[in-house]
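Everything on this sheet refers to the single structure shown next.
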Amino acid sequence: MHISAKADYAMRALLELAREPSRPLTCEAIASSQEIPFRFLKSVVGELRRAGLVRSQRGCEGGYWLGRPAEDITLLDVTRAVDGELITLRGEPLAGLDYPGPATGLPDVWREVEAAAAAVLGGVTLTSLLGRGVVAGAARRGAA
Numbered sequence: 001m002h003i004s005a006k007a008d009y010a011m012r013a014l015l016e017l018a019r020e021p022s023r024p025l026t027c028e029a030i031a032s033s034q035e036i037p038f039r040f041l042k043s044v045v046g047e048l049r050r051a052g053l054v055r056s057q058r059g060c061e062g063g064y065w066l067g068r069p070a071e072d073i074t075l076l077d078v079t080r081a082v083d084g085e086l087i088t089l090r091g092e093p094l095a096g097l098d099y100p101g102p103a104t105g106l107p108d109v110w111r112e113v114e115a116a117a118a119a120v121l122g123g124v125t126l127t128s129l130l131g132r133g134v135v136a137g138a139a140r141r142g143a144a
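Read left to right, the sequence shown gives residues 1 to 144 (the numbering used here).
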């Protein structure tokens with residue numbers, strides 16, 4: 001399974017927005033904080049906006065906010081918003097995949113992998129991931 005840079009950047013951008021829900025953040029601020037290439041981030045944020053995961057406001061006080069509460073946005077939502085299908089084979093969805101002979105059972109395994117990945121990503125919200133970051137940060141500080 002491959003996690004695209006686009007999905008990774010999208011998740012990191014949304015986590016920045018979830019961390020600062022009371023004020024809009026600019027793409028420049030997000031890119032700087034997360035060390036994401038600005039031009040690529042602008043494209044990713046556009047896709048997130050079209051999917052309803054972020055909303056924007058122009059002007060001096062403008063920037064981006066989450067389009068839904070952080071507890072309602074899962075990593076599966078984010079991945080599907082920027083990458084479409086979770087897992088593809090040669091660029092095609094797994095739904096109609098069918099092999100002959102001894103490979104007959106293989107498509108079922110690929111679909112099981114997709115279902116397992118969807119279950120994991122669908123079970124992690126931005127809110128729960130922010131909580132993990134707090135715990136991990138405290139553990140790192142305690143070990144120092």
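For glycine and all other residues, C-beta sits at the position ideal for the given N, C-alpha and C.
> Since Gly122 is in the beta strand (DSSP E), which residue starts that stretch and which ends it?
Replying inline: Here Gly122 belongs to no beta strand (DSSP E); instead the alpha helix (DSSP H) covers 106 to 122.
Worksheet item: Straight-line CA distance for Ile36 to Pro100?
Response: 44 Å
Notebook entry, point to check: Taking the C-alpha atoms as reference points, what is the distance between Arg23 and Arg49?
Noted result: 17 Å
Buried or exposed for Ile30, going by 16 or more other Cβ atoms inside 10 Å?
buried
**Study point:** Integer Cβ distance of Thr26 from Ala70, believed to fall under 8 Å
**Key:** Not confirmed; about 19 Å, so no contact.
### Query
What's the C-alpha gap between Leu75 and Ala18?
13 Å
How is Glu28 classed by DSSP in three states: helix, strand or coil? helix
Report task. Take Leu129 and list the residues in its own chain whose beta-carbon comes closer than 7 Å to its own, dropping the five residues that flank it on each side. Result -> Leu15
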